[in-house]
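Chains as they are written, first to last, in my numbering: chain A, 1 to 238; chain B, 239 to 525.
Glycine is no exception: its CB is placed at the ideal position from the N, C-alpha and C atoms.
It should be emphasised that the depicted structure is a prediction, and the values quoted were computed from it without experimental measurement.
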Amino acid sequence: MSSAPILKIDQIDVFYGDFHALWDVSLTISKGDIVSIIGANGAGKSTLMYTIAGQHVPANGTIEFMGDRIDGMGPHLSVGKGIALVPEGRRVFPRLTVYDNLIIGAYTPRARANIDENIKKIHDLFPILAERGNQRSITLSGGEQQMLAIGRALMSEPELLLCDEISLGLAPVVIKSIYKQLEVISQEGLTIVLVEQDVKRSLRFADYAYVMLEGKIALQGKAVELGEDQVKKAYFGM
Amino acid sequence: MEALMQPVINGILLGGLYAVIALGLTTMFGIVKLVNLAHGDLMILSSYLSLALVTYLGINPFVSLIFVVPIMFVVGFALQKYLLNRVLGKEMEPPLLVAFGVSIILQNLLLLVFTPDAKGIMTVISVKTIQLGNIHLPVLYLADFVIGCLVIFFLRLFYNKSFLGRAIRAASDDVGAARLMGIDTSNIFAIAMGIAMITAAIAGVLVGMTFTFYPHTGPQYLIISFGVIIIGGLGSMRGAFVGGIILAEAQLLGAHFTGPGYQLLIGYAVLLIILAIRPQGLFGQAH
């Protein structure tokens, strides 16, 4: 952890009806860090991401973002605070063009002022999106859609970027290229939280990592200090 | 052949009116997946509002749109925000039943306030025609068509080019993802319904000027709207325009060849044929 905390989650519990999805989860993320959340399917990673993004309301505990309470705020308000989520499965707007998808990313008042400038930045980052600007996003390949989903999230000028399983279903060469661009974004000071199932890639890319098991934080530490075997044991609950 | 020209041209002009009648229903289905069974009644409410303004203020029906359009926007916004949004996303039936309830309430309210007598909004252009050779162009039908085209043109422009229009289309594609973009979908759906009611208001005033209407006329226009959007394709504005013209042509040509008694039957027979050949409608997307 390098600087002041941008996100502080304190002992949250989240339920889906009667199902207890997150148990007493606490974590702190520093500004500018890349944090990896590792865990198997059903470990609660995506629930945690959606809870940070305001989609789920914790039954207990608090979430503070840049000093303000945001738990249960609703995703349409948390994005205005500076939290953007790249959802699992990309979820680009299929009938809208690539350009319109990017425009919609800048829906919040804080982002609208710099639309042209931000679109240019996204085009520099992912030039294919400029070429495909007038195409409906449903016509893009999986990798291009993922670039669009990341670009769309960046259009909101976030302070914190949450990426949920961005490598899922993509070719290794595309994943490599997307991660390369994430590194570029990170170097500009953006805080990134990454949900991944690929332990190796997660540890290589992140500054800090949390391993989740059955809705709880099973292990945490600096990525360079966590051994792959140690992480795998926590991952499988061994 | 010359005798055919008159019903063909009348059909095209009437089709423009049918398109604008169906526009609110098709856009709400396309955006919110809501079948607004009160659409026809809300349109007739606009006809009555215009009639009241014309009668009591002595203004031109077209001028009455200045009042009717914002009133209907507010009615649509409130209806969606405080009533229909509460039952959306659960099952298909609750919104249908709520809209059906609104339809019954509106019909009875109109009956109470305006009596069951037939009404019509008279204007100076009601009986005027333009003579082109042997063809008589009813000026009112021409106005219906031109206004219908303008409404579709500006609505398409709004949905494709404005920030709000794009946000409405995004919410229509994926509500959850739209919320992640900062879009308050509850408000967006209410605005979409408000816009649908603007088109219903314009359609209502045009219908009021073109035909007689009663408190119970709404469902008749709801059925026309269904016909138009089934032919054109659910949720498609271009489809509403083409569907409107096809339905009107089928009705008027049907009346021309078989007599006025078969006008409606022929219209819906054509609808059934199109449904059999292309179930998703001419411009609809197959699922």
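Using beta-carbon distances, Asp422/B counts as an interface residue toward chain A, with a partner under 8 Å. Considering only beta carbons, the part of the segment 76 to 101 of chain A lying closer than 7 Å to chain B consists of His76, Val79, Gly80, Leu85, Pro87, Arg91, Phe93, Pro94, Arg95, Leu96, Asp100, in chain order.
Leu321/B and His123/A have their C-alpha atoms spaced approximately 42 Å apart. Contact annotation: in the segment 106 to 133 of chain A, residues whose CB is within less than 7 Å of a CB in chain B are Tyr107, Thr108. Glu157/A places its beta carbon less than 8 Å from that of Arg110/A. Taking 8 Å as the CB threshold, Ala408/B lines the interface with chain A.
In the three-state scheme derived from DSSP, where H, G and I count as helix and E and B as strand, Ile515/B is classed as helix. The bridge partners DSSP lists for Cys163/A are Val86/A, Leu194/A. Setting aside the 5 residues that flank it on each side, Arg112/A is surrounded in the same chain by Ala106, each with a C-beta closer than 8 Å to its C-beta; the list follows chain order. With respect to the 8 Å criterion, Val246/B and Leu444/B are not classified as neighbours on the basis of their beta carbons. Ala514/B counts as exposed, since fewer than 16 other C-beta atoms from the protein chains shown sit within 10 angstroms of its C-beta. Ala409/B carries a helical assignment under DSSP once its states are collapsed to helix, strand and coil. By the beta-carbon neighbour count (other beta carbons within 10 angstroms, threshold 16), Tyr208/A is buried. The C-beta of Ser46/A comes no closer than 8 Å to any C-beta of chain B.
For the segment 31 to 64 of chain A, the beta-carbon criterion of a distance under 7 Å to any beta-carbon of chain B is satisfied by Ala53. According to DSSP, Thr62/A shares a beta bridge with Asp10/A. With its beta carbon at least 8 Å from every one in chain B, Ile9/A lies outside the interface. Look at Arg417/B: its C-beta is under 8 Å from a C-beta on chain A. At a cut-off of 8 Å, the C-beta of Ile150/A has no neighbouring C-beta in chain B. The Cβ-Cβ distance between Asp164/A and Pro87/A falls below 8 Å.
For Gly221/A, the enclosing beta strand (DSSP E) begins and ends at 216 to 222. Three or more beta-carbon pairs drawn from the segment 279 to 291 of chain B and the segment 421 to 441 of chain B are found closer than 8 Å, and the two stretches are therefore classed as touching. Interface with chain A (8 Å Cβ-Cβ cutoff): Asp355/B is excluded. Of the residues Gly169/A, Lys200/A, Ser186/A, the one whose Cα lies closest to the Cα of Glu159/A is Ser186/A. Here Thr293/B is exposed. Its C-beta has fewer than 16 other C-beta atoms within 10 Å. When C-beta atoms of the segment 260 to 278 of chain B are compared with those of the segment 320 to 337 of chain B, three or more pairs fall below 8 Å, so the two segments count as touching. At a cut-off of 8 Å between C-beta atoms, Arg404/B counts as an interface residue with respect to chain A. Here DSSP, grouped into helix, strand and coil, assigns Thr496/B to helix.
Using a Cβ-Cβ cut-off of 8 Å, Asp382/B does not count as an interface residue toward chain A, since no Cβ of chain A sits closer than that to its own.
Not a single CB atom of chain B sits nearer than 8 Å to the CB of Ile166/A. At a cut-off of 8 Å between beta-carbon atoms, Asp411/B makes contact with chain A.
Leaving aside the five residues that flank Phe93/A on each side, the residues in its chain whose CB is nearer than 8 Å to its CB run, in chain order, Asp100, Asn101, Ile104, Ser137.
Scanning its chain for C-beta atoms nearer than 8 Å, with the 5 sequence neighbours on each side dropped, one finds no residue around Leu350/B. Looking at the DSSP output, Leu349/B shares a beta bridge with no other residue. Between Val195/A and Met73/A a beta carbon distance of about 20 Å is seen, past the 8 Å cut, so the two are scored as non-contacting.
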